[in-house]
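Residue numbers (the numbering used here), protein chains in the order written: chain A, -5 to 145; chain B, -5 to 145. Note that the Cβ used here is the ideal one computed from N, Cα and C, for glycine as well.
2 protein chains.
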Amino acid sequence: MASGRQQRHELGQTLMLLARDFHHRLSADLKQRGVEGVNASHNAVFLYLGRNGASRAVDLAGAAGIRPQSMMKIVHELEAMGMVERHPDPADSRAKLIDFTARGRAFIAELSRSTETVWEQYAAILGKGSMRDTIANLNTLLQGGDETDGG
Amino acid sequence: MASGRQQRHELGQTLMLLARDFHHRLSADLKQRGVEGVNASHNAVFLYLGRNGASRAVDLAGAAGIRPQSMMKIVHELEAMGMVERHPDPADSRAKLIDFTARGRAFIAELSRSTETVWEQYAAILGKGSMRDTIANLNTLLQGGDETDGG
DNA sequence: CGCATTTAGTAAGCTAAACTGATGATAAGA
DNA sequence: TCTTATCATCAGTTTAGCTTACTAAATGCG
């Protein structure tokens, strides 16, 4: 039992294992409903594409915290899978704007559904109230950490 | 603002980003005090060596959830760095028992200190009480996922 | 005891996902 | 115009895991 002082030493472990646990549960749920072919690295695109007007590879890379070259690879894979398509940017002929295809949007819906399922699984352990509080606190930590960061 | 319903969709993001944030802070703190040369994968050894009598490569691999061959590589690296040393197991001449060197133990102390520093950073955002509750809840989630909790 | 099976460590090579470095085309600014 | 910065891209490298395959030792069975 990680009580009191001990939990501090295991903080990193807790966070890492929980992130892994979530990923496990999400993958299991997606697989169960027959949604496959998308891996962890592809997730960055689904998470960030369209947010804050991010629609170029370089923007996605910035949001995901990886290099543009790495993001390109991911985008190419998703393009080959028919999840996204790219069009030339009318405002900048160097750039290409990335958009979801219908298939990509359908996948996002599935992802959302599975994420909610995992949320419910967790809520079944903690109770909805504690679950909400806990995740809200984690978000607070993230925001508190970003404040100095010029993200 | 991730309020109410919205936070469910961002659950995975929250967990992943927080794990990353922790790692960032920990690395920064370690670097600041001049502790370097140990990477993320080495961490598994520092986390699990000695726990539940885990002192062979195969045990560490099991605890860390990776293959013995992968753990061997990590152990060899740490051995080259003078963090651990290996002696033949008197009870099993196939096996070798892994032990921390003085240097390895010193590193653990640094790691512990840095982890506590990050804990305090987080506690400064949430307040100690909320921080404790939050992490306790996360640990509950992890145990709830395992159910077969022997440790 | 002798032999099959399992287990611990090791080696070689593969893959995935990030990285660095460099290039060509375009944009933006002096 | 010329220079520098930016977007996409190509090529090669690193890292951390994987699978396959092997040796040596322990274990279990007849």
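### Query
So, residue 75 of chain A versus residue 31 of chain A, is the Cβ gap smaller than 8 Å?
Along the first sequence, read from residue 1 onward, the residue named residue 75 of chain A stands at position 81. Along the first sequence, read from residue 1 onward, the residue named residue 31 of chain A stands at position 37. Against a cut-off of 8 Å, the Cβ pair of residue 31 of chain A and residue 75 of chain A comes out as a contact.
### Task
Just confirm the distance between the C-beta atoms of residue 13 of chain B and residue 9 of chain A, as a whole number of angstroms; I'd bet it's less than 8 Å.
Within the second sequence, numbered from 1, the residue matching residue 13 of chain B stands at position 19. Within the first sequence, numbered from 1, the residue matching residue 9 of chain A stands at position 15. Confirmed, Cβ separation roughly 4 Å.
### Cβ distance (whole Å) where residue 38 of chain B is taken to contact residue 54 of chain B below 8 Å
Start at 1 with the first residue of the second sequence, and residue 38 of chain B comes out as number 44. Start at 1 with the first residue of the second sequence, and residue 54 of chain B comes out as number 60. Between residue 54 of chain B and residue 38 of chain B the Cβ distance is about 7 Å, and since that is below 8 Å, they are a contact.
### Query
In terms of alpha-carbon separation, which member of A:126, A:41, A:46, A:85 lies closest to residue 69 of chain A?
Against the first sequence, residue 69 of chain A aligns to sequence position 75. For the residues A:126, A:41, A:46, A:85, the minimum Cα distance to residue 69 of chain A belongs to A:41.
### Message
I'd like to know whether the C-beta of residue 26 of chain A is nearer than 8 Å to at least one C-beta of chain B.
### Response
One-based indexing of the first sequence puts residue 26 of chain A at position 32. Judged by the 8 Å Cβ criterion, residue 26 of chain A is not in contact with chain B.
### Query
Touch check for the stretch 102 to 122 of chain A and the stretch 14 to 28 of chain A: three-plus C-beta pairs under 8 Å?
yes
### Task
Within 10 angstroms of the Cβ of residue 1 of chain A, are there 16 or more other Cβ atoms? Answer buried if so, exposed if not.
Counting from 1 along the first sequence, the entry for residue 1 of chain A is found at position 7. Buried.
### Task
Please confirm whether residue 92 of chain A and residue 78 of chain A have their CB atoms less than 8 Å apart.
The sequence position of residue 92 of chain A within the first sequence is 98, counting from 1. The sequence position of residue 78 of chain A within the first sequence is 84, counting from 1. Contact flag set, yes.
#### Entry: Cβ of residue 95 of chain A within 8 Å of any chain B Cβ
Here residue 95 of chain A corresponds to residue number 101 of the first sequence, with the count starting at 1. Closer than 8 Å: no.
### Task
Take residue 124 of chain A as the anchor and find which of B:134, B:84, B:121 has the nearest alpha-carbon.
Walking along the first sequence from the start, residue 124 of chain A turns up at place 130. Cα-wise, what sits closest to residue 124 of chain A is B:134.
### Message
Nearest by alpha-carbon distance to residue 85 of chain B: which of B:96, B:50, B:60, B:71 is it?
### Response
Locating residue 85 of chain B in the second sequence gives position 91, where the first residue counts as 1. Nearest C-alpha to residue 85 of chain B: B:50.
### Task
In the DSSP assignment, find the unbroken alpha helix (DSSP H) run with residue 36 of chain B in it and report its ends.
Within the second sequence, numbered from 1, the residue matching residue 36 of chain B stands at position 42. Here residue 36 of chain B belongs to no alpha helix (DSSP H), and DSSP marks it neither H nor E.
### Cutoff 8 Å: residue 3 of chain A Cβ touching any chain B Cβ
On the first sequence, residue 3 of chain A is found 9 positions in, with the first residue counted as 1. Interface residue, yes.
### Task
May I ask which residues mark the beginning and end of the alpha helix (DSSP H) holding residue 104 of chain B?
Within the second sequence, the letter at position 110 stands for residue 104 of chain B. Its alpha helix (DSSP H) spans residues 96 to 120.
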